[in-house]
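All residue numbers for the sequence shown refer to this note's numbering, where the first residue is 2 and numbers rise by one.
Beta carbons: idealized from backbone N, C-alpha and C, even for Gly.
Only a predicted model underlies this, so the values are computations on that prediction, with no experimental measurement involved.
What follows is a single structure, written as structure tokens, with notes after it.
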Amino acid sequence: MNLRKIKTRHTETHVLEGGSGPDMLFLHGAGGVTLEDPFLNALAAKYHVYAPLLPGYGASDECAEIRDMLDVTLHTWDVSEALGLKKPILAGHSMGGMIAAEMAAVAPNDVDRLCLICPAGLWLDDHPIPDLFAMLPYELPAYLFHDAVAGGKMMTAGMDFSNLDFLKAFLIQNARQMGMAGKLLFPIPERGLRERLYRIKARTLLIWGDSDKLIVPRYAQEFKKLIASCELVSIAEAGHLVPIEQTAQTVAAIGKLA
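Structure below.
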């Protein structure tokens, strides 16, 4: 993967790009994404992947003008246009899936193929989504992974919290990211998407980890009910971070949209 910069109306956006094959616009979750991300690199073996970083993520500028769900949706369409993309496969994970679904609902004639990987965006009173913003770091693996012990090791790999410079940079970056994510996910990850999903015309693939404890599989059934042309693929031994825990199976599932 390589890093490029593009300018949109309000901000400079950094985009991770790589691979060959059909164009795919991939939208990351609240944890962000890096050049070394194994899932992105696995996708790049089959697709020409463009993964823009939301404002506040990585080296992308923070942007006060991007305030809410509609602003993020239109900003991401501006990024797609600046990249010269014409009806790419539109894919997103978690928060990124929420954005992708909004994009497909707002511009239904501009998306033919849509992949939503355990997306946020709905709320069920009988299955409330845990508040990520109230969790301490050590609590996250149990909600994000099927194997919480292995997941915790993956989340902290290469991190040296005894190094004060590293810790300071980590805390600053985390604050920037959560500030952006909070515009979409806080206090609950619901911004009226339910009322717009009927507009989606794209052939849609839902991918869900059977062990997702953050956005439980009951939400998969709700998305499937609300999107007209929708197929659900459930992946065993995978939690909310199914692209990390079951990378090969996730990439294979996306191939159904080819």
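Asked, Found
"Can you find the residues in the same chain that come closer than 7 angstroms, C-beta to C-beta, to Asp-79, ignoring five residues on each side of it along the sequence?", "Thr-9, Arg-10"
"Looking at the strands, I want to know which residues DSSP matches up with Cys-116.", "Ala-92, Leu-206"
"So, Leu-36 versus Phe-27, is the Cβ gap smaller than 8 angstroms?", "no"
"Below 6 angstroms CB to CB, which residues in the same chain sit around Gly-98 once its five sequence neighbours on both sides are set aside?", "Leu-117, Ile-118, Pro-120"
"Sorted by chain position, which residues of the same chain lie with C-beta nearer than 6 angstroms to Ala-143's C-beta, five sequence neighbours on each side aside?", "Ala-149"
"If you drop the 5 nearest sequence neighbours on each side, which residues of the same chain put their C-beta closer than 8 angstroms to that of Ala-221?", "Cys-119, Leu-207, Trp-209, Leu-233, Ser-235"
"Between Ser-274 and Leu-54, is the Cβ-Cβ spacing less than 8 angstroms?", "The chain is shown only over 2 to 259; residue 274 falls outside these bounds and no answer can be derived."
"Among Pro-188, Cys-231, Gly-240, which residue has its Cα nearest to the Cα of Ile-255?", "Cys-231"
"Between the segment 129-140 and the segment 235-253, are three or more C-beta pairs nearer than 8 angstroms?", "no"
"Taking a contact to mean a Cβ-Cβ separation below 8 angstroms, would you say Leu-115 touches Thr-205 in this structure?", "yes"
"Could you tell me which residues DSSP pairs with Asp-24 in its beta bridges?", "His-49"
"Can you check which of these residues, Thr-157, Arg-5, Met-136, Met-96, is closest to Val-73 by C-alpha distance?", "Met-96"
"In whole angstroms, give me the CA-to-CA distance for Glu-103 and Leu-125.", "18 angstroms"
"So within the segment 191-239, which uninterrupted alpha helix (DSSP H) runs reach at least 4 residues, ignoring any that extend past its ends?", "219-227"
"State buried or exposed for Thr-157, treating a residue as buried only when at least 16 other CB atoms are found within 10 Å of its CB.", "exposed"
"Compare the C-alpha of Met-181 against each of Leu-145, Ala-65, Lys-257, Pro-218 and name the closest.", "Ala-65"
"DSSP has Leu-172 in a bridge; who is on the other side?", "According to DSSP, which records beta bridges pairwise, Leu-172 is partnered with nothing at all."
"Consult DSSP for Gly-32 and reduce its assignment to one of helix, strand or coil.", "coil"
"For Ile-228, which residues in the same chain have their Cβ closer than 6 angstroms to its Cβ, ignoring the five residues on either side in sequence?", "Leu-198, Ile-201, Thr-205"
"Provide the residue span of the alpha helix (DSSP H) that contains Asn-42, from first to last.", "39-44"
"Please tell me whether Tyr-51 and Met-25 are closer than 8 angstroms, where the distance is taken between their beta carbons.", "yes"
"Where are the beta strand (DSSP E) runs, 3 residues long or more, that stay fully inside the segment 62-110, in chain order?", "90-94"
"Alpha carbon to alpha carbon, what distance is there between Arg-68 and Leu-48?", "According to the sequence displayed, residue 48 carries Tyr and not Leu. Taking the straight line joining both Cα atoms gives about 31 angstroms."
"Considering Ile-7, what are the terminal residues of the beta strand (DSSP E) in which it resides?", "3-8"
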